[in-house]
Amino acid sequence: MEAIAELKEDHRDLGLTDEQVLGMYRTMLEARRVDDRMWALNRQGRAPFVVSSSGHEGAQVASVLAMNPDIDWCLPYYRDVGVVLGWGFRPLDIFHGVFSRKADPTSGGRQMPNHWSLRERRMFTHSSPIATQYPHAAGIAYAIQKDGRPGVVAVYGGEGSTSEGDWHEAMNFAGIHRLPLIVVIENNQYAISVPVAEEVAGQVADRALGYGIHGVAVDGNDPLAMYAIAREAIDRARNGEGPTLIEAKTYRYYAHTSDDDDKLYRSREEVESWRRRDPLILLKQYLIETRLLSETLEEQMETEIAGELEEAVKQAEAAPVGDDPLARVYALPIFPTDPVTSVEAEPAGEEVSIITAINQTLHEVMATHPEALIFGEDVADPKGGAFKATKGITEAFGKDRCFNTPLAESLIIGIGVGMAAAGKIPIPEIQFADFIHPAFDQILSEVARIHYRTDGDWTCPMVIRVPYGGGIHGALYHSQSIEAFYAHIPGLKVVIPSTPADAKGLLVSSVEDPDPVMFLEPKKLYRLAKGPYPAGDHRVPLGRAAIRRAGTDLTIVAYGAMSYFTLEAADILSEQGVSAEVIDLRSIKPLDWPTLETSLAKTGRLLIVHEDNEFVGFGAEIAAQAADKAFELLDAPVRRYATPDVPTFPFASELEAMVMPNTAGIVRHALALAEY
Ligand SMILES: Cc1ncc(C[n+]2csc(CCOP(=O)(O)OP(=O)(O)O)c2C)c(N)n1
1 MEAIAELKED
11 HRDLGLTDEQ
21 VLGMYRTMLE
31 ARRVDDRMWA
41 LNRQGRAPFV
51 VSSSGHEGAQ
61 VASVLAMNPD
71 IDWCLPYYRD
81 VGVVLGWGFR
91 PLDIFHGVFS
101 RKADPTSGGR
111 QMPNHWSLRE
121 RRMFTHSSPI
131 ATQYPHAAGI
141 AYAIQKDGRP
151 GVVAVYGGEG
161 STSEGDWHEA
171 MNFAGIHRLP
181 LIVVIENNQY
191 AISVPVAEEV
201 AGQVADRALG
211 YGIHGVAVDG
221 NDPLAMYAIA
231 REAIDRARNG
241 EGPTLIEAKT
251 YRYYAHTSDD
261 DDKLYRSREE
271 VESWRRRDPL
281 ILLKQYLIET
291 RLLSETLEEQ
301 METEIAGELE
311 EAVKQAEAAP
321 VGDDPLARVY
331 ALPIFPTDPV
341 TSVEAEPAGE
351 EVSIITAINQ
361 TLHEVMATHP
371 EALIFGEDVA
381 DPKGGAFKAT
391 KGITEAFGKD
401 RCFNTPLAES
411 LIIGIGVGMA
421 AAGKIPIPEI
431 QFADFIHPAF
441 DQILSEVARI
451 HYRTDGDWTC
461 PMVIRVPYGG
471 GIHGALYHSQ
481 SIEAFYAHIP
491 GLKVVIPSTP
501 ADAKGLLVSS
511 VEDPDPVMFL
521 EPKKLYRLAK
531 GPYPAGDHRV
541 PLGRAAIRRA
551 GTDLTIVAYG
561 AMSYFTLEAA
571 DILSEQGVSA
581 EVIDLRSIKP
591 LDWPTLETSL
601 AKTGRLLIVH
611 EDNEFVGFGA
621 EIAAQAADKA
631 FELLDAPVRR
641 YATPDVPTFP
651 FASELEAMVM
661 PNTAGIVRHA
671 LALAEY
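Laid out in structure tokens, this is it:
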């Protein structure tokens with residue numbers, strides 16, 4: 001049997017008092033007992049799912065001890081019982097999560113256990129997809145660094161998470177900006193069953209080199225060595241010397257979760273050999289040798305903890321569950337009720353294009369909202385964006401408030417999440433809708449769900465500007481429509497302007513909205529659609545459609561570029577004796593159903609036009625609602641005119657014209673429907 005290795009450091013040399021090192025031991029012991037208790041509850045059938053932490057306590061508690069929970073930020077991952085106890089969680093808080101009770105400060109019972117968050121202590125919420133937390137941490141670190149706020153950010157994860165793109169993108173960004181960030185990787189040798197050798201070539205800590213940041217590997221089972229390294233890293237971050245990657249080599253003693261059988265992939269001998277290096281035993285040995293821990297004191301700690309856990313379990317198990325799973329999807333739910341019944345009057349203003357309107361509005365928003373930040377690929381001056389939407393903003397507001405990001409869409413959205421957590425209003429630009437897909441996980445799993453999954457504790461205000469759509473000879477990868485993907489996601493609002501005035505009004509409303517908004521810009525109209533730019537205060541409420549033209553024979557619903565072409569078509573239709581009412585949705589989520597229904601009551605016929613593919617396009621939702629809610633108002637079938645089931649769009653303009661909906665096609669479909 002191997003001898004128990006001794007700890008290499010002396011706590012006094014590290015500036016730790018006797019009380020601090022004893023306190024560290026107590027928190028580690030508490031973490032171990034919490035974990036034991038969770039497993040016991042699981043085996044008794046009282047806790048449905050348990051994530052294990054035993055073995056990691058040294059790395060966890062020691063790193064937190066080196067931080068200041070009164071000013072710093074913490075992003076733990078699911079294995080971090082020791083981190084959250086060190087940060088201020090009570091065992092009761094943890095058990096409220098284990099029993100998924102309303103009082104669970106993390107999510108009110110909405111997330112699985114161990115997905116902690118504590119807003120008043122700057123512990124940011126995390127989810128289950130591995131590695132999404134790293135860009136969040138980088139975004140928080142960026143916000144506090146540029147504001148000159150005190151504090152550093154610590155983010156935690158396993159070695160498996162260092163294989164994910166989000167990890168690499170965040171490390172890259174942290175290195176570029178020398179962020180006050182500590183990335184603690186708890187390398188427990190396995191990502192579920194996959195050994196580290198199949199996950200990483202070489203050593204995790206060495207990966208830091210490629211990002212120009214400091215990287216260090218440490219024995220994570222030696223709490224004093226871990227403390228020393230964490231202390232150094234935090235001092236470095238506080239002194240403006242940039243981020244550190246700490247690889248804490250450790251081991252988990254139990255299976256990955258209560259659903260895992262680790263006997264399939266680890267020998268008992270291997271587990272035993274690591275148990276001989278148990279951080280709890282190592283520190284206990286040290287405390288006995290330094291005469292800080294007596295048998296009596298240890299017994300006293302064990303008894304105290306046992307009593308506390310007994311009480312916590314009793315209280316948590318008896319606590320009520322949440323009662324409204326439909327609530328708090330949005331910070332500001334919008335349910336349109338008053339129908340628009342007349343054509344919207346054009347506001348007064350200088351005639352501009354949509355792209356100019358967006359640019360001017362961004363200037364105004366940056367001036368009126370000092371917390372607004374603009375970032376993305378090529379957005380900074382001198383280029384000012386691929387389409388010039390952000391031209392002049394870096395010059396006017398500085399490179400901290402309008403800056404280029406690396407070419408990494410998931411990072412762009414992920415840092416936005418962190419910035420929003422730190423009180424900013426992020427306005428990221430995705431250069432083309434076609435390239436937003438790498439960010440889908442950040443938008444779906446993070447941006448859209450943060451409010452719901454924290455039971456309303458955190459919000460994620462963000463305006464994601466995305467040029468989209470065809471008709472610009474952009475081929476398959478510069479023409480896509482993406483609104484249906486995002487309209488499908490609870491927690492998001494989705495708006496699409498088609499006039500310069502709406503571009504301003506919707507953008508201002510989106511920036512002021514506490515929820516995340518997808519702001520989709522029909523790039524075909526950027527320079528084609530011209531109209532007045534209302535000076536001063538101008539808002540278009542989210543969830544309010546516009547009637548662009550009144551009519552009696554049929555209702556044509558469109559948005560984006562198709563609103564523009566539908567108006568052209570309506571002129572032609574009127575020459576042919578057909579009176580079309582044209583509704584420009586502007587918001588597709590929330591959807592202004594009352595305005596549609598009121599129009600249908602008048603016309604009895606509905607044609608939906610969009611340039612996205614017809615199959616499962618947004619028109620399918622409108623058609624379904626019409627069938628469901630307005631069946632008696634209809635005199636004809638609901639018809640859709642959209643792109644057939646082909647990737648949008650071929651490069652050859654002749655081919656593009658054959659598939660993309662256009663004015664003549666709208667006229668054709670409208671005539672057929674009017675004659676039905
Ligand atoms: C993106 C994603 N892929 C797969 C999973 C399923 N999964 C959950 S934990 C895990 C292993 C994580 O390993 P590591 O990062 O080393 O952390 P550890 O659990 O070992 O502490 C996997 C594959 C997930 N949650 N998210």
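Just so you know, the numbering used here puts 527 at position 527 of the sequence shown, and the rest follows in order with no gaps. We put the CB at the ideal spot given by N, CA and C, even for glycine. Computed from a predicted model, the values in this text were never measured in an experiment.
7 Å CB neighbourhood of residue i in its chain, flanking five on each side removed
i      : result
PHE397 : MET366
GLN710 : Because the chain here runs from 1 to 676, residue 710 falls outside it and cannot be looked at.
PRO129 : ASP441 and SER445
SER107 : HIS115, ARG453, THR454 and ASP455
GLY617 : ALA484, HIS610 and ALA642
PHE435 : GLU409
ASP219 : ALA225 and LYS249
From the options, residue whose alpha carbon lies closest to that of residue i
i      : options                           : result
GLN60  : PRO113, TRP167, ASN359 and ARG231 : ARG231
ILE702 : LEU444, ASP80, ILE354 and VAL50   : The chain is shown only over 1 to 676; residue 702 falls outside these bounds and no answer can be derived.
SER52  : MET38, GLY45 and ARG43            : MET38
LEU22  : ALA627, MET419, ALA636 and SER294 : SER294
GLY210 : VAL200, ALA225 and GLY175         : GLY175
ILE358 : ARG12, GLU371, GLU344 and ILE393  : ILE393
GLU596 : ASP612, TYR134, VAL557 and ALA255 : Contrary to the premise, residue 596 reads as Leu rather than Glu in this sequence. Measuring from the Cα of LEU596, the nearest candidate turns out to be VAL557.
ALA623 : VAL638, ILE572 and VAL152         : VAL638
ARG43  : THR257, ASP13 and GLY97           : THR257
VAL153 : ALA208, SER599 and ALA233         : ALA233
ASP10  : LEU282, ILE144, VAL84 and PRO661  : LEU282
TYR254 : ILE413, ALA217 and ASP36          : ASP36
ALA448 : HIS437, PRO438 and MET462         : MET462
GLU289 : GLU6, ILE427 and LEU607           : GLU6
Reduced DSSP secondary structure (H/G/I, E/B, other) of residue i
i      : result
GLU2   : Residue placement at GLU2 is flagged as unreliable, the pLDDT there being 41, under the threshold of 50; a coordinate-derived value is accordingly withheld.
PHE565 : helix
TYR468 : strand
ALA664 : helix
ILE547 : strand
ALA535 : coil
LEU14  : coil
MET658 : helix
THR499 : coil
Residue i beta carbon near ligand 1 (any heavy atom closer than 7 Å)
i      : result
ASN404 : no
GLU159 : yes
HIS437 : no
ILE413 : no
ALA191 : yes
ARG688 : No statement about residue 688 is possible, as the shown extent of the chain runs from 1 to 676 and does not include it.
PRO347 : no
PRO195 : no
GLY130 : The sequence given here has Ile at residue 130, not Gly. ILE130: yes, Cβ under 7 Å from ligand 1.
GLU57  : no
HIS256 : yes
GLU270 : no
ARG207 : no
GLU299 : no
According to DSSP, residues forming a beta bridge with residue i
i      : result
PRO516 : MET462
ARG640 : ILE608
ASN187 : LYS249
ILE478 : Position check: residue 478 holds His in this sequence, whereas Ile was assumed. In DSSP, HIS478 forms no bridge with anything.
TRP73  : VAL153
GLY158 : GLU186
GLU351 : PRO532
ALA558 : ASP584
LEU118 : MET123
Within-8 Å CB hit, residue i to chain B
i      : result
VAL184 : Protein chain content of the structure displayed is limited to a single chain, and chain B is not contained in it.
Close-in-space but distant-in-sequence residues of the same chain around residue i (CB under 6 Å, 5 per side omitted)
i      : result
PRO150 : ILE71
PRO347 : ALA501, PRO532 and PRO534
MET1   : Its pLDDT being 33, under 50, MET1 is placed unreliably in this model, and the coordinates cannot settle the point.
ASP537 : none
PRO243 : ALA174, LEU179, LEU181 and ILE213
Contact set for residue i: own chain, Cβ-Cβ below 8 Å, skip 5 residues either direction
i      : result
LYS399 : ALA380
LEU292 : ASP18, VAL21 and LEU22
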